[in-house]
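Comments concern the structure below.
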Amino acid sequence: MCFKEKKNNAPTLTSRIHLPEFRGPGKRSYTRSFRSTTANRGYFVTLSSSDIGPELKVAVDKFIAENKIVVFMKGSKDAPRCGFSSTVVQIFTSMNVPFETVDILDDDGLRAGMKIYSNWPTFPQVYIDGNFYGGCDICIGAYKDGSLKEAVDVALMS
1 MCFKEKKNNA PTLTSRIHLP EFRGPGKRSY TRSFRSTTAN RGYFVTLSSS DIGPELKVAV
61 DKFIAENKIV VFMKGSKDAP RCGFSSTVVQ IFTSMNVPFE TVDILDDDGL RAGMKIYSNW
121 PTFPQVYIDG NFYGGCDICI GAYKDGSLKE AVDVALMS
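Just so we're aligned, residue 1 is where the sequence shown starts under full-length UniProt numbering, counting upward by one.
Right, here's the structure in full:
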């Protein structure tokens, strides 16, 4: 998070979301900035359950729509920073399917916003074909019973 210009004598809070982008044969990453909300009291922001900020919602909607499988997690697929995130990465890696990850640890606004966006309190949060699929426990169960493979196969064919 960072603060940009002042608006109505309150600093404008800008969230940053790390979204992978593909260019050519290799992967390239960058950070998109967008205004998530305006701080009204000091430098503390409270996100209401009804509004995660239009810029955050648009950015998340777009990223989920552009990628068949997305995992919002602690860390990255190359360096998971919690056991549950690591488990989900291992599941998708073992299935040999392409998936994208977004590290929620670097941005408090993104982390709080994703809990509201998905109506799910924990991470990782898995999206398949534009829809929220679940967290680690749901992925483990679905992997074991084969329904995760079915959902992934349908998503990758669409």
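For glycine and all other residues, C-beta sits at the position ideal for the given N, C-alpha and C.
Quick caveat, the model's predicted, so the values are computed rather than measured.
Alpha-carbon spacing of residue i relative to residue j, whole angstroms
i	j	result
Lys57	Phe63	10 Å
Val60	Gly130	10 Å
Asp108	Gly53	13 Å
Trp120	Gln90	21 Å
Asp153	Tyr117	25 Å
Asn96	Asp78	15 Å
Lys68	Ile138	18 Å
Thr87	Cys136	7 Å
Leu148	Glu55	31 Å
Phe132	Cys82	20 Å
Ala65	Glu100	12 Å
Which listed residue (the options) has its alpha carbon closest to that of residue i
i	options	result
Thr93	Tyr143, Gly109 and Ser118	Tyr143
Asp106	Ile128, Gly146, Asp153 and Gly75	Gly75
Tyr127	Asp145, Gly146, Ala112 and Pro98	Pro98
Pro80	Pro124, Cys139 and Gly135	Pro124
Burial state of residue i, where buried means 16 or more other Cβ atoms lie within 10 Å
i	result
Ser85	buried
Met157	exposed
Gly146	exposed
Gly113	buried
Cβ shell of residue i (< 6 Å), same chain only, five flanking positions each side left out
i	result
Ala151	Ile128
Val102	Phe72
Thr122	Gly135
Own chain residues within Cβ distance below 8 Å of residue i, not counting five before or after
i	result
Ile140	Thr87 and Ile91
Ile104	Phe72, Met73, Lys74, Leu110, Arg111, Met114 and Phe123
7 Å CB neighbourhood of residue i in its chain, flanking five on each side removed
i	result
Ala155	Lys68, Ile69, Ile128 and Asp129
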